[in-house]
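Written out below as C-alpha cells is the structure these notes cover.
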Amino acid sequence: MAKGDFDNLSGKGKPLQKFSNCPHIDPMTHNLNRILIDNGYQPEWILMQKEIRETIEKLRKDIVAVRNKLGDPMTPQKETQWKEAREQFIENIKALNKRVNDFNLVVPVLSRQMVHFSADKEIARAQVIYETQVKNDAENDAKKTENVNGGTSDIKTSFFKWMTLILK
C-alpha cells in the first residue's frame, strides 16, 4: 500500500455502503464478501460448477452432432465410427465425473453437490434427440411437399375459375 498500488481504485476515499442490520451476519465479513464480489472474485466452487455445466453441454452437443453426421442407415463403417465416438464420450464423462468429485469436496453447501453423469443415459438421450430431429425433418419435408402440390392445384383451380368467368 505504501507504494501506491491501490491509489487508483474506484471507491478510494469513499465510505462503505451500510448493509441491513441482520444480527446473524458479521458486518466485517459482509463488507469483505461484498468487496470481493464487486471486484469480480468468484469462489472456486462456483467456477468449477460453471465449468462442469459448460463441459456437459459441449459433450452433449458433440455426441448429437456425431450421430447426425453418421445418419441412417448405419453401415458397418459408420457403426465403427459411432462405437469409437461413444467410447470417447464415455472417457470424457469419466473425466467430467472426476471434476464433479472435486467440486463436491469444495462446495460449502451440501444441497449444491452434484451427482455423476451417466454415459449410457447421455448416449441414449443423444439417440432420442437424433430420432426426434429425423422425425421433425421428415414431417417438415412432408409439409413442404404438401404445400408445393397443394399450391399447384390451387393455381389450376384459380386458372379454371378465371377462364369460366371470361367465357361467360
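All residue numbers for the sequence shown refer to numbering that gives the first Met the number 0, where the first residue is 0 and numbers rise by one.
For each residue, glycine too, the CB sits at the ideal point set by N, CA and C.
- Considering only Asp119, Thr163, Asn103 and Lys60, the residue with the shortest C-alpha distance to Tyr129 is Lys60.
- Put simply, the segment 43 to 52 does not touch the segment 68 to 84. Fewer than three CB pairs are less than 8 Å apart.
- DSSP places Ala94 in the uninterrupted alpha helix (DSSP H) bounded by Pro75 to Val105.
- With three or more CB-CB distances shorter than 8 Å, the segment 114 to 131 counts as touching the segment 86 to 95.
- Boundaries of the alpha helix (DSSP H) around Pro26: Pro26 to Asp37.
- Counting the other CB atoms within 10 Å of its CB gives Phe158 a total below 16, which places it among the exposed residues.
- Of all alpha-carbon atoms in Asp37, Glu56, Lys77 and Asn135, the one lying nearest the alpha-carbon of Gly10 is that of Asp37.
- Between Arg66 and Thr131, the alpha-carbon positions lie close to 12 Å from each other.
- Less than 8 Å separates the beta-carbon of Trp44 from that of Val106.
- By the CB criterion at 8 Å, Leu58 and Phe88 fall inside the cutoff.
- One Cα belongs to Ile24, the other to Arg52, and the distance between them is close to 31 Å.
- Here the alpha carbons of Thr54 and Tyr40 stand approximately 21 Å from one another.
- With a 10 Å radius around the Cβ and a threshold of 16 neighbouring Cβ atoms, Ile62 comes out buried.
- A straight-line Cα-Cα distance of about 10 Å links Lys77 and Lys68.
- The C-beta distance from Val114 to Asp71 rounds to 33 Å, too long to meet the 8 Å contact threshold.
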